[in-house]
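The C-terminal residue of the sequence shown carries number 453 in this note's numbering, and the numbering is unbroken. Yeah, the Cβ is synthetic: ideal placement off N, Cα and C, and Gly gets one too. Everything on this sheet refers to the single structure shown next.
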Amino acid sequence: MSPVAADNWTDDAPGNAARGGRRDRTVLDIVVPVHNEENDLEPSVRRLREHLLRSFPYSFRITIADNASVDSTPLIGARLQAELAEVRLVRLEQKGRGRALHTVWSASDAYVLAYCDVDLSTDLNAVLPLVAPLISGHSDLAIGTRLGRGSRVVRGAKREFISRCYNLILRSTLQAGFSDAQCGFKAIRGDVARRLLPLVQDTGWFFDTELLVLAERAGLRIHEVPVDWVDDPNSTVDIVATATADLKGVWRVGRALATGALPIVELRAQLGRAPLQTSVAGVPRGLPTQLVRFAAIGVASTLANLLLFLLFRTFMGPIWANVAALLLTTIANTAANRRLTFGVRGRQDAAKHQFQGLVVFGLGLGLTTGALALLGALVPGAHQSLEVVTIVVANLVATVLRFVLFRAWVFRSRTRTAAAGPAEVPSEIAA
């Protein structure tokens, strides 16, 4: 099958019906970054081209991005460009995979931009599943993953361990939600790339991770494709140097996110998807998530309350020990629910919310204190373990009451604002 021009595509939304858009633009530009790859370049490019001619139903281009090779790689690339109409060569005089991708993608006019490693470790049958969600407009970026369900991977234990540790670091430090940052098989819509690439600073192996973190924070959809992947035993990648550079990149991006140096809010407003407007009948919007977060905070508060109760119980009676423990945990509980459960940030109304939280605390105190008083009347000299059980049961009842009052009274205005639905989204974003 020869490459064909995609019909019914607009300039910025390739999956939409044509409204005067160009039909001569290349659909897919897949970049192969190389540095001193004279042995693998020609067979890999020919294999990739044959696969795309046979199974990819849109127009495509293969761009060899030669970054500062000093062997015969540029000569082989030039010969392939002269011989094969779908192949072109871009020569850079500085090393760096990120620099190569940044340069080629920034200049490309294709609807979808992708890249794969020259060793073709990833099974090429994943090319169409990778780019199809971008062509249709369903997703904004797509990555191959070697760590997802359905993936089949052949590689040594050392690389497997390093890869999983790296992704664990990304999850714990940058709250990354994607599963595999390092797989050399990714794609991005051209319009999205034009907005994100100017913000990506790394020119090496961390380029992928930085781009993905920015996209995720901007609210873009990242599609993951499980791949078959076979390790290249002849890989020349310096694992130690790459790992060190990646950790430096994690620190730099994390600091930029923490200090607000990156325009995440603006990116989310411009590129992020419009909030869902559907709701479940009888269930207020946001309630399931609020319940989960409130429950988690409640469990932590209950444990803290018990520990403080036992501590204070060593030098005061059960009633006053409960009062002191509940007062301290209530202040922390109100602050945590204010920020994490109901999404209220900043100092505005913070004192008011704490006062209202103390009122709720008074009701909870009445429940737990009343329960302890009732226990003392019914079981004089009750064992401390029975007091603890009584506190737990009373706290469960107080927790339900606290959530109802938080949602209906303390943070009522915030909840109503969230339930009112999203703000109007500009038509160019919604499209």
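Secondary structure of residue i, DSSP reduced to three states
| i | result |
| --- | --- |
| residue 433 | coil |
| residue 200 | coil |
| residue 363 | helix |
| residue 60 | coil |
| residue 246 | strand |
| residue 304 | Because residue 304 carries a pLDDT of 48, less than 50, the predicted location of this residue cannot be relied on, and the following value inherits that uncertainty. Of the three classes helix, strand and coil, the one that applies to residue 304 here is coil, per DSSP. |
| residue 187 | helix |
| residue 85 | strand |
| residue 78 | coil |
| residue 43 | Caution applies to residue 43, whose pLDDT of 42 falls short of 50 and renders its modelled position unreliable; the value that the coordinates give is listed next. Residue 43: coil per DSSP, three-state reduction. |
| residue 180 | helix |
| residue 339 | coil |
| residue 209 | strand |
| residue 142 | coil |
| residue 48 | coil |
| residue 401 | coil |
7 Å Cβ cutoff met for residue i and residue j
| i | j | result |
| --- | --- | --- |
| residue 356 | residue 376 | yes |
| residue 159 | residue 229 | no |
| residue 320 | residue 225 | no |
| residue 95 | residue 56 | yes |
| residue 237 | residue 163 | yes |
| residue 378 | residue 432 | yes |
| residue 286 | residue 239 | yes |
| residue 14 | residue 312 | Residue 14 lies beyond the stretch modelled for the chain, which goes from 23 to 453, so this question has no answer here. |
| residue 365 | residue 294 | no |
| residue 131 | residue 47 | yes |
| residue 50 | residue 126 | no |
Rounded Cβ spacing between residue i and residue j (contact assumed at less than 8 Å)
| i | j | result |
| --- | --- | --- |
| residue 231 | residue 192 | 7 Å |
| residue 457 | residue 340 | What the structure shows of the chain is the stretch from 23 to 453, and residue 457 is not part of that stretch, so it cannot be assessed. |
| residue 248 | residue 171 | 6 Å |
| residue 208 | residue 133 | Actually they are not in contact, since the Cβ atoms of residue 208 and residue 133 sit about 16 Å apart, beyond 8 Å. |
| residue 389 | residue 416 | 5 Å |
| residue 147 | residue 114 | Wrong, their Cβ atoms sit about 30 Å apart, outside the cutoff. |
| residue 161 | residue 244 | 7 Å |
| residue 124 | residue 221 | Not confirmed; about 11 Å, so no contact. |
| residue 246 | residue 165 | 6 Å |
| residue 150 | residue 77 | 7 Å |
Nearest candidate by alpha-carbon position, reference residue i, set the options
| i | options | result |
| --- | --- | --- |
| residue 372 | 353, 412, 80, 135 | 353 |
| residue 17 | 234, 123, 178, 314 | In the structure as shown, the chain starts at 23 and stops at 453, and residue 17 therefore has no counterpart that could be examined. |
| residue 156 | 215, 76, 91, 206 | 215 |
| residue 407 | 429, 378, 329 | 329 |
| residue 145 | 63, 154, 116, 175 | 175 |
| residue 128 | 269, 358, 331, 212 | 212 |
| residue 429 | 199, 316, 280, 130 | 316 |
| residue 332 | 116, 413, 402 | 413 |
| residue 380 | 107, 118, 396, 348 | 348 |
Residues near residue i by beta carbon distance below 8 Å, same chain, minus five either side
| i | result |
| --- | --- |
| residue 110 | 83, 84, 85, 86, 103 |
| residue 423 | 382, 385, 386, 389 |
| residue 178 | 253 |
| residue 70 | 52, 54, 84, 138, 142, 146 |
Cβ-based neighbour list, residue i, same chain, cut-off 6 Å, excluding 5 preceding and 5 following
| i | result |
| --- | --- |
| residue 304 | Confidence at residue 304 is low in this model, with a pLDDT of 48, below 50, so the placement of that residue should be treated as unreliable; the coordinate-derived value is given next. Around residue 304: no qualifying Cβ. |
| residue 143 | 251, 252, 254 |
| residue 335 | 343 |
| residue 324 | 417 |
Residues near residue i by beta carbon distance below 7 Å, same chain, minus five either side
| i | result |
| --- | --- |
| residue 92 | 58 |
| residue 275 | 196, 232, 235 |
| residue 425 | 316 |
| residue 359 | 316, 319, 428 |
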